[in-house]
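A.B. asks: So that we are looking at the same thing, I have put the structure below in structure tokens.
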Amino acid sequence: MSGLADLVAEGMLVPYHAPWPRCTVQSSTWQRAIAGLVSVKMTLLGLWGETECVHMAVIEAATNTVAILSLPCPDGVYPSVGQAHPPAIRLERAILDLFGLVPVGLPDQRPWLDHGCWPESFPLNPPRTARRDSELYTFLPVEGGGLHQIAVGPVHAGIIEPGHFRFTANGEAVVRLEERLGYAHKGIESLMAGADLAGAAKLAGRVSGDSTVAYGWAFAMAAESALQLEIPARAIWLRALMAELERLANHLGDIGAICNDAAFPLLHAHFGALRERVLRAAVTAFGHRLMRDCIVPGGVSIDPGPDGVEAITALIASIGEQLPRLVETYDNTASLQDRTVSTGVLKPALATQYGAGGYIGRASGRSFDTRRTQPYAPYDQLAFEVPVLSEGDVDARVWIRIREVEQSLSLVKQMLSALPGGALVGSFADRTEPCEGAALVEGFRGDILVWLRLGGDGKVERCHLRDPSWFQWPLLEAAIENNIVADFPLCNKSFNCSYSGHDL
Amino acid sequence: MPEDWAIAELAAAIDRAARQRLGRSLSIRTVDAGSCNGCELELNALNNVFYDIERFGVRFVASPRHADVLTVTGPVTKNMREALRRTYEAMPNPKWVVAIGDCARDGGCFAGSYAVLDGAHSVVPVDLHIPGCPPSPREILMGLLALIEQVNS
């Protein structure tokens, strides 16, 4: 079995790519990388296309090293990864939709993002003119007695994002869930191409609104790696401060919403109030409730000042004071536990195979956290724990969030007491040759991958943004099996995958 | 907190207006037509205890058949055009449409993409636009008040 370093050595290194190596490989190396994924010695971080090329980002478990392998495919075909490694299936279907590159050997080549509503097929690959019939969509067949189907979405009963869920049930029990996504597809990667850094950063901050800080950071970090920019220390710490506030806001909101879906609105009210307090501290400190556009390539655009620091300090104290009682209520309410314990179990083997990030992976035994596994400043200078459980049920996903709220509170405290002074934005060096960069940032939902190539004119040539949801959505289909239909909202909320981040 | 006072005043105004014009109820069906989910976060915040929008008879309903107002978020992706149109058509008259956020007005930063329609007005008649990226819950409340004032006037 080849290690990742061997695979990289077999290829041709691309110059001006940072911080990890990217190399152009031949089909044989591509196949060995697939074998590495199948053996779970490596985990797929991303798979995306270009006009005549496919790229695969992988991380090797034993060494925690990351590399990007690129396979030229001038004939418009490449050996399918998804054929042997299911986590790649939807990514390959998306590459086929956007670029017309055909994954040879993939049994499921139904369209994914393309619903037959765009003016042309393969919109990111204009030279490819053949039209694809994508209007008719067939769901996977289900056979057996006593089955009925329930179609839900894309418009849902609550205030949530658009997506379609096709349930096949036997009485109350779900025997199969099939998701159909792509409704929120906005063509962000096509808008990225040709955008300047500021415009592209704005787009990146709008891939998934709940993770606007994490996306802003990941995009900025990828651009800064490509341009080899030095970021002022204060900017780095403020970025992490915002990232932890974003994590707090989302986790607090999620814990409450999960309780609400288990018919316990009391905790929804309390946790919703805590979330609102985080957003109000954010607007005081950073001028925006979601802290959107506060991270810019080169640094940050706003300083919290003494008032902001004071607001965040008060917030942390207030949450720290209220949290233990709320957690105790969660833990001691039998009707709630009855709904969350042993519901929607995701088996650890699947979490590992799919490289599921965030609370979904960590509730099913996968300890991966970018802040620890691929540490970036300032997390390498802060003390924190990465909570891991192995039960994999709704309850475990709640507990991971609770533990992470506690960790984030501690991280914010540490950062406030050691916040360095200085400038907010670094200086840009003049650069005239093309360059490439990549970054992995831990959002509240899991690891976000951004890869980009900048042209000599400083504009974005190609940018790919991979939401953690790509590797989490398919697992919801597995976790819901044999649960009752009525528990789907609960399971779905405990996953809280992003539709927009996935559909892009 | 000044924010809370402002919201209390706003709430009282909505309460008076809704009582007069709509017999104390306003039912809202919301459709995410491809937003980044930022607007959904703030719409959901209207239900938290700080805003508690239901105390004024303004509530989000599950079916368009029960709705007076359709709120639309997102630039309207081509993949959501049909679902948005059908939702609007399922609503009984009289009905109003509120476009929420910068993308719902004209596509925002997604305008010009092959995959979007550049705003809610491309599919449904828009009565009011509430700007912001996303608008805060307070701004959404102010917008709804403006709509209620406009109704029947």
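Going down the list, the sequences are from chains V and F. Using numbering that gives the first Met the number 0, read the first sequence as starting at 0 and increasing by one per residue. Using numbering that gives the first Met the number 0, read the second sequence as starting at 0 and increasing by one per residue. Where is the CB? At the ideal position from N, CA and C, for every residue including glycine.
Just to confirm the assignment: which complete beta strand (DSSP E) runs, minimum length 3, are found wholly within the region 66-98 of chain V?
C.D. replies: Counting whole runs of 3 or more residues, the region 66-98 of chain V contains the beta strand (DSSP E) stretches 76-78.
A.B. asks: Closest to residue 103/F by CA distance: which of 67/F, 63/F, 59/F, 118/F is it?
C.D. replies: The candidate whose alpha carbon is nearest that of residue 103/F is 118/F.
A.B. asks: Between residue 86/V and residue 139/V, what straight-line distance do the alpha-carbon atoms span, to the nearest angstrom?
C.D. replies: Going from the Cα of residue 86/V to the Cα of residue 139/V covers about 17 Å.
A.B. asks: Leaving aside the five residues before and after residue 99/V along the sequence, list all residues of the same chain whose C-beta is less than 8 Å from its C-beta, in chain order.
C.D. replies: Excluding residues within five positions, the ones whose Cβ falls inside 8 Å are 75, 120, 121, 124, 127, 129, 131.
A.B. asks: Note down, in chain order, each residue of its chain lying with its Cβ closer than 7 Å to the Cβ of residue 283/V, except the 5 sequence neighbours on either side.
C.D. replies: Cβ within range, chain order: 306, 307, 310.
A.B. asks: Can you confirm whether residue 135/F, when its beta carbon is compared against all beta carbons of chain V, has any partner nearer than 8 Å?
C.D. replies: For residue 135/F, the answer is yes, since a Cβ of chain V falls inside 8 Å of its Cβ.
A.B. asks: Just the chain F side, please: which residues come within less than 7 Å of residue 114/V by C-beta, in chain order?
C.D. replies: Here the neighbours are 78.
A.B. asks: Answer with buried or exposed for residue 147/V, where buried requires no fewer than 16 other C-beta atoms within 10 angstroms of its C-beta.
C.D. replies: Exposed: under 16 other Cβ atoms inside 10 Å.
A.B. asks: For the candidate residues 118/V, 97/V, 469/V, whose alpha-carbon lies nearest to that of residue 110/V?
C.D. replies: For residue 110/V, the nearest C-alpha among the options comes from 97/V.
A.B. asks: Could you please give me the residues that DSSP links to residue 501/V through a beta bridge?
C.D. replies: In the DSSP output, where bridge partners are listed per residue, residue 501/V has none listed.
A.B. asks: Using a Cβ-Cβ cutoff of less than 6 Å, which residues in the same chain neighbour residue 218/V once the five nearest sequence positions on both sides are dropped?
C.D. replies: Correct list, in chain order: 200, 203, 449.
A.B. asks: Mapping DSSP to helix, strand and coil, what is residue 471/V?
C.D. replies: The answer is coil: DSSP assigns residue 471/V none of H, G, I, E or B.
A.B. asks: I'd like the list of long-range same chain contacts for residue 295/V, defined as Cβ closer than 8 Å, with 5 residues on each side in sequence excluded.
C.D. replies: Within the same chain, residue 295/V has close Cβ partners 197, 200, 215, 219, 424.
A.B. asks: Should residue 42/V go down as buried or exposed, given a rule of 16 or more other Cβ atoms within 10 Å for buried?
C.D. replies: Buried.
A.B. asks: Per the contact definition of three or more C-beta pairs closer than 8 Å, is the region 124-137 of chain F in contact with the region 24-41 of chain F?
C.D. replies: At 8 Å Cβ cutoff, the stretches touch.
A.B. asks: Can you give me the Cβ contacts of residue 47/V inside the same chain, cut-off strictly under 6 Å, excluding the 5 residues immediately before and after it?
C.D. replies: Excluding positions up to five away in sequence, the list reads 54, 463.
A.B. asks: Could you name the residues of the region 180-212 of chain V whose beta carbon sits closer than 8 Å to any beta carbon of chain F, in the order they occur along the chain?
C.D. replies: Within the region 180-212 of chain V, the residues whose Cβ lies closer than 8 Å to some Cβ of chain F are 181, 182, 183, 184, 185, 186, 187, 189, 190, 198, 201, 202, 205, 206, 207, 208, 209, 211, listed in chain order.
A.B. asks: With DSSP collapsed to three states, give me the class of residue 430/V.
C.D. replies: Coil.
A.B. asks: Where residue 440/V and residue 94/V are concerned, what is the direct C-alpha to C-alpha distance, given to the nearest angstrom?
C.D. replies: Near 23 Å, if we compare the C-alpha coordinates of residue 94/V and residue 440/V.
A.B. asks: From the DSSP secondary-structure annotation, give me the bridge partner or partners of residue 26/F.
C.D. replies: Residue 26/F is bridged to 58/F.
A.B. asks: In angstroms with no decimal places, state the Cα-to-Cα distance between residue 474/V and residue 350/V.
C.D. replies: Whole-angstrom Cα-Cα distance: 8 Å.
A.B. asks: So what does residue 150/V bridge to, in DSSP terms?
C.D. replies: Note: residue 150/V sits in a beta bridge opposite 165/V.
A.B. asks: Could one say the Cβ of residue 142/F lies closer than 8 Å to chain V's Cβ atoms, at least one of them?
C.D. replies: No, no contact with chain V.
A.B. asks: With a cut-off of 8 Å, does the C-beta of residue 118/F fall near any C-beta of chain V?
C.D. replies: With 8 Å as the cut-off, residue 118/F does not count as an interface residue toward chain V.
A.B. asks: When the distance is taken between beta carbons, is residue 140/F closer than 8 Å to residue 13/F?
C.D. replies: Contact: yes.
A.B. asks: Give the DSSP bridge partners of residue 172/V, in chain order.
C.D. replies: Residue 172/V pairs with 169/V, 483/V.
A.B. asks: Quick one: what does DSSP say residue 519/V is sitting in, helix, strand or coil?
C.D. replies: Given a span of 0 to 503 for chain V in the structure shown, any question on residue 519/V remains unanswerable.
A.B. asks: Measuring alpha carbon to alpha carbon, tell me which residue in 321/V, 330/V, 376/V, 399/V is nearest residue 359/V.
C.D. replies: The candidate whose alpha carbon is nearest that of residue 359/V is 399/V.
A.B. asks: Kindly list, in the order they appear in chain F, the residues whose Cβ is closer than 8 Å to that of residue 117/V.
C.D. replies: Within chain F, the residues near residue 117/V are 77, 113, 114.
A.B. asks: What residue from 169/V, 222/V, 36/V has the CA that sits closest to residue 16/V's CA?
C.D. replies: Selected option, being the one with the closest Cα: 222/V.
A.B. asks: Indicate whether at least one CB of chain F lies closer than 8 Å to the CB of residue 449/V.
C.D. replies: False, the Cβ-Cβ gap to chain F never drops below 8 Å.
A.B. asks: DSSP beta-bridge partners for residue 442/V?
C.D. replies: In the DSSP output, where bridge partners are listed per residue, residue 442/V has 445/V.
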